[in-house]
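Protein chains in written order, with this note's numbering: chain A, 3 to 176; chain B, 25 to 124.
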């Protein structure tokens, strides 16, 4: 019951935020919509017992990444109006038709294949198996996935160095 | 307990809105936000599938996706700022210098 109410509230919040990201004219509004979506998805993580991932989502995404976005919006300026007129002839018609065909095909496959999300034999719900606290997530992270973990450390170092190198861009004197 | 299909449906809707934003918008910043939206939709599917299959590895995968997304945002925003300094625009339509 609690999960149902939370799911409905957070699904509405996430979808409203997502529509704001795409629809808002002002980039700051888009950023705020993304923030709402990220928080709503974080609550859905908590509902599904992924506590650590939810905390990381709020701290890293809603905290660090959105701050970075807002700083860049501040640097670039929010008053740049964006033209939405098409440059390719009949692009909207073609893309809309293609999207319609794909959606109809996917719906037909779902209905005709009698598709169900749950696996063939129903697995009984086990709270302990997916209760994602720090200890539970850290155990596979530092045993099975330790190589990927080290690779992401390298990736983050390279990304930080690359960002600094890009920020040191100097205007070419010609 | 909400059926996992509802979570998958929500994730699919979020992914579609994100993809729509990539196709419709011209501002590089908004396109980046739409990429984040799509990454979040996929994270939601991983967590939901992990719970219904009683498997913690879904959450570990989401952890790695978060790290890669953070790195991607750092480099991407640095590129946008560098482009803006040179061209004074963040619209992807203006960037056609490689055209022959």
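For glycine and all other residues, C-beta sits at the position ideal for the given N, C-alpha and C. Quick caveat: nothing in here was measured; it's all calculated off a predicted structure.
query: Mind pulling the chain A residues with CB within less than 8 Å of residue 72 of chain B?
result: 50
message: Could you check whether the Cβ of residue 55 of chain B sits closer than 8 Å to any Cβ belonging to chain A?
response: no
message: Measuring straight from C-alpha to C-alpha, what distance separates residue 25 of chain B and residue 50 of chain A?
response: 10 Å
- request: Show which residues of chain B have a CB atom less than 7 Å away from the CB atom of residue 144 of chain A.
  value: Per Cβ cutoff of 7 Å: no residues; residue 144 of chain A is ~10 Å from chain B at best.
- prompt: Among the residues of its own chain, which have a CB less than 8 Å from the CB of residue 49 of chain B, if the five just before and after it don't count?
  reply: 55, 58
query: Touch check for the region 73-86 of chain B and the region 26-35 of chain A: three-plus C-beta pairs under 8 Å?
result: no
- prompt: Counting contacts by CB-CB distance shorter than 8 Å, is residue 138 of chain A in contact with chain B?
  reply: yes
- prompt: How should residue 28 of chain A be labelled, buried or exposed, when 16 other C-beta atoms within 10 angstroms of its C-beta is the threshold for buried?
  reply: exposed
query: Residues in its own chain within less than 8 Å of residue 52 of chain B by CB, not counting five upstream and five downstream?
result: Counting only Cβ-Cβ distances below 8 Å, and skipping sequence neighbours, we find 104, 107, 114, 115, 116.
query: Looking only at its own chain, which residues have a Cβ that is under 6 Å from the Cβ of residue 62 of chain B, when we skip the five neighbours before and after it?
result: 39, 42
field: Helix, strand or coil at residue 42 of chain A according to DSSP, with G and I counted as helix
entry: helix
task: Pull up the DSSP beta-bridge partners for residue 115 of chain B, would you.
output: DSSP, once it has assigned bridges, lists B:51 as partnering residue 115 of chain B.
field: Cross-chain neighbours of residue 114 of chain A in chain B, by beta carbon under 7 Å
entry: Result: empty, since nearest Cβ-Cβ is about 17 Å, beyond 7 Å.
message: Measuring only the C-alpha atoms, how far is residue 127 of chain A from residue 27 of chain B?
response: 12 Å
- prompt: Are the beta-carbon atoms of residue 52 of chain A and residue 134 of chain A separated by less than 8 Å?
  reply: The answer is yes: Cβ separation under 8 Å.
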